[in-house]
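**Q**
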Amino acid sequence: MLRKTLADTLAARETIYVNCAHPMCCKSTKLDIQALIDRLGRDHGSMHDDLSDSLQGCRSRPPAGVLHMHS
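In full-length UniProt numbering, the protein residues as written are 1 to 71.
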């Protein structure tokens with residue numbers, strides 16, 4: 001199975017958003033793909049399972065925020 005990388009996502013001009021799953025927040029934030037490449041590397045995976053450990057919780061509600069991603 002092919003693995004989609006951050007470089008693939010940037011080249012395809014795709015967008016990745018993360019959403020806080022806390023019912024009182026539900027904040028959605030567009031990720032800066034180039035900043036992720038600078039931090040994690042071009043070959044880092046761009047799917048949910050690849051990024052979920054690399055991202056921190058929601059800044060609005062750090063202890064309870066859970067991030068869900070969609071592209």
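Glycine included, each C-beta is placed from N, C-alpha and C at the ideal position.
Enumerate in chain order the residues of its own chain whose CB-to-CB distance from Cys-26 is below 8 Å, with the five nearest sequence positions on each side excluded.
**A** Cβ neighbours of Cys-26 beyond the five flanking positions: Asn-19 and Cys-20.
**Q** Check each candidate in Thr-15, Leu-36 and Arg-42 and name the one with the smallest Cα separation from Lys-30.
**A** When only C-alpha atoms are compared, the closest one is Thr-15.
**Q** Measuring alpha carbon to alpha carbon, tell me which of Tyr-17, Asp-43 and His-44 ends up nearest Asp-32.
**A** It is Tyr-17.
**Q** Please name the residue, chosen from Leu-55, Lys-4, Arg-3 and Leu-2, that lies closest to Ala-35 on a Cα-to-Cα basis.
**A** Comparing Cα positions, the closest option is Leu-55.
**Q** Run the CB neighbour count on Ser-46, radius 10 Å, all protein chains shown included, and call it buried at 16 or more, exposed below.
**A** Buried: at least 16 other Cβ atoms inside 10 Å.
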